[in-house]
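Quick note on numbering: this note's numbering labels position 171 of the sequence shown as 171, and the sequence is numbered without any gaps.
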Amino acid sequence: MSDDTKTPESASTGPETKPVTDWATDYDIFDPNYVENPFPIWDELRQRCPVAHSDRWGGSILPTRYEDVYAIAHDIEQYPSGGGIAVVPLLPPPDGEAASAPTGPALPQGVPPISADPPLHTWTRRLILPTLSPGRVREYEPYTRELCRRLASEIAQDGQGDGAAGYAQQIPVRVIGHLLGVPEEMAPTFTEWVRDVLEFAYDEERRTRGIQGILGYLHEAIAQRRATPHNDYLTKLLESEHEGKPITDDVVRGMCALLLIAGIDTTWSSIGATIWHLATHPDDRDRLIAEPELMPTAIEEFLRAYAPVTMARRLPDGGEYNGCPIGAGERILMNFPGANRDPEVFDEPDRVILDRQQNRHLAFGAGIHRCAGSNLARMELRVAVEEWLAAMPKFEIADPAGVTWAGGQVRGPRTLPIRVS
Ligand code: HEM
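In structure tokens form, the structure reads like this:
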């Protein structure tokens, strides 16, 4: 196997974990080795035990072959999303008190469409898609470009900076805030809340803080829009109807919370991983500058190779996949990143090939829950790379020991010290 894309000179952020001795029976996706370099682990599992099981974090199975991940994603009857979606609990049960917003129970309908099955899934997804269509996304591009240009030129002028915290992390939160009508000065607060919910979900206190922050903010914002409508997506949702009735505030809150949670950490992880790749692979960096027409295939390749998102389906009553039992309340980890490295489907899966032609990657999932924000994510990633390379055609990692990766549900660099060369 080529190590071309492994991430050895790095540390991981995450919970304390007991060392793993057998990946087939006791894996832990928070294990620092898994966070830093999961690729050889998936290779081993694909050979030895393509659907692994672990009791950790409430129990789960981990498929590593493309074929299995794809099949599970499409079988919404046996593997629905309504029983719970996160790797470690993302949201409390409907009547959970711990993470309730200041104004009452958290979210009786979850965060649709991702946490829902049809029919709730169908109509809530329909309400989201027009706002994230290719045409609408083109309208958000000038704002995104101006933002990326400003951030990249600051780093270029300083001659150094953080490609993750100072660049990648700053982009999606502002773009989604712009779309939803969240003021720009709230961006750092939202970033922290989203990290609390996804990156620190294992820490009850931080998770609760993040959920309460997001839901509390949206509660106020909805009350404001009800009093004075704005020209934003939140107002538009409040004015929408389903079967002739206005949609409830709880559903609006859940959908907006999802857009924030699903659209921020994921996209910044992809942008950060791409900057990491270009910093550590100067040949690819120079080629992309010399042949900008490769940008569309290159973006798909970065998404494939560094797919950040591992979703999950929780089966309250248990079940099985291909003879592998799934205990009651256990999860299936939707290993989209592992599927993208399957040699049965991708030639030389561990190499980034900027002009890869066959690339049916699963970074955005598959089936009815396939990412509703993929047009937006692709635009953000492309513009972020274009503006970075325009401002800094030559750059490198300033301090390999200062690179950290977060893992678990969303994998990507969290600190990335860069020196402009
Ligand atoms: C590189 C960035 C992104 C990646 C890798 C990504 C990945 C994913 C994946 C794998 C799913 C499927 C989940 C499942 O099967 O349970 C998903 C769903 C979703 N994503 Fe994304 N996402 C990204 C960016 C975004 C953005 C920018 C938005 C919107 C602002 C967004 C909104 C959504 C929504 C609403 C769903 C739920 C769709 C449904 O259940 O029908 N995502 N995403």
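C-beta atoms are modelled at their ideal positions from N, C-alpha and C, and glycine is treated no differently.
Owing to the predicted nature of the structure, the values given are computational and were not obtained by experimental measurement.
Item                                                                                                                : Value
Residues that M459 bridges to, as DSSP identifies them                                                              : Not covered by the structure: residue 459. The range shown for the chain is 1 to 421.
In chain order, each alpha helix (DSSP H) run of at least 4 residues that lies wholly inside the stretch 307 to 376 : 336 to 339
Spatial neighbours of G473 in its chain, beta-carbon cut-off 6 Å, leaving aside the 5 residues before and after     : One cannot answer for residue 473 here, as it falls past the ends of the chain, which runs 1 to 421.
Completely contained beta strand (DSSP E) runs for the stretch 124 to 203, where each covers 3 or more residues     : 160 to 162
Bounding residues of the beta strand (DSSP E) (the contiguous stretch that carries R414)                            : G412 to T415
Alpha carbon of I85 to alpha carbon of E36, nearest angstrom                                                        : 24 Å
Cβ-heavy atom distance, S270 to ligand 1, below 7 Å                                                                 : yes
Beta-carbon proximity check, S421 vs E396, cutoff 8 Å                                                               : yes
Within-8 Å CB hit, T64 to chain D                                                                                   : Structure shown: chain D not included; a single protein chain is present.
Neighbour-count burial assignment, S54, 16 or more Cβ in a 10 Å radius                                              : buried
DSSP-derived helix/strand/coil call for S60                                                                         : strand
Terminal residues of the beta strand (DSSP E) in which H53 lies                                                     : V51 to S54
First through last residue of the beta strand (DSSP E) which encompasses I299                                       : I299 -> not in any beta strand (DSSP E); alpha helix (DSSP H) instead, spanning M295 to A305.
Distance cut-off 7 Å: H121 Cβ against heavy atoms of ligand 1                                                       : yes
Classification of A401 by the beta-carbon crowding that lies within 10 angstroms, buried from 16 upward             : exposed
Where I289 falls, given that 16 or more other Cβ within 10 Å makes a residue buried                                 : exposed
Euclidean distance between Cα positions of H178 and E184                                                            : 7 Å
Proximity test, A307 beta-carbon vs ligand 1 heavy atom, cut-off 7 Å                                                : yes
For R419: DSSP bridge partner residues                                                                              : Q160 and E396
Helix, strand or coil at H277 according to DSSP, with G and I counted as helix                                      : helix
Own chain partners of G198 with C-beta closer than 6 Å, once the 5 adjacent residues on each side are dropped       : Sequence check: residue 198 is Leu here, not Gly. Within the same chain, L198 has close Cβ partners D265, Q409 and V410.
Burial state of G323 (16 or more Cβ within 10 Å)                                                                    : exposed
Beta-carbon spacing of A423, I114 below 8 Å                                                                         : Because the chain is modelled from 1 through 421, residue 423 falls outside the range shown and cannot be assessed.
Strand pairing of E241, partner residues [DSSP]                                                                     : P246
Buried/exposed call for G159, threshold 16 Cβ in 10 Å                                                               : exposed
C-beta contact flag for Y321 and I41 at 8 Å                                                                         : no
Own chain partners of R382 with C-beta closer than 7 Å, once the 5 adjacent residues on each side are dropped       : M295 and I299
Reference R65; option with closest CA among R46, I72 and Q78                                                        : R46
For E16, the first and last residue of its enclosing alpha helix (DSSP H)                                           : No alpha helix (DSSP H) contains E16, which DSSP labels as neither H nor E.
Limits of the unbroken alpha helix (DSSP H) element including D68                                                   : Y66 to H74
For T310 and P337, believed in contact at Cβ under 8 Å, the rounded distance                                        : 6 Å
L47: first and last residue of the uninterrupted alpha helix (DSSP H) it sits in                                    : Reading off the sequence, residue 47 comes out as Gln, not Leu. Run containing Q47: F39 to R48, per the alpha helix (DSSP H) assignment.
With 16 other Cβ atoms within 10 Å as the buried cut-off, status of E16                                             : exposed
Member of A156, R145, D162 and S153 whose CA lies at the smallest distance from the CA of P172                      : R145
Burial state of S133, where buried means 16 or more other Cβ atoms lie within 10 Å                                  : exposed
Inter-residue spacing [alpha-carbon to alpha-carbon] between Y217 and E241                                          : 23 Å
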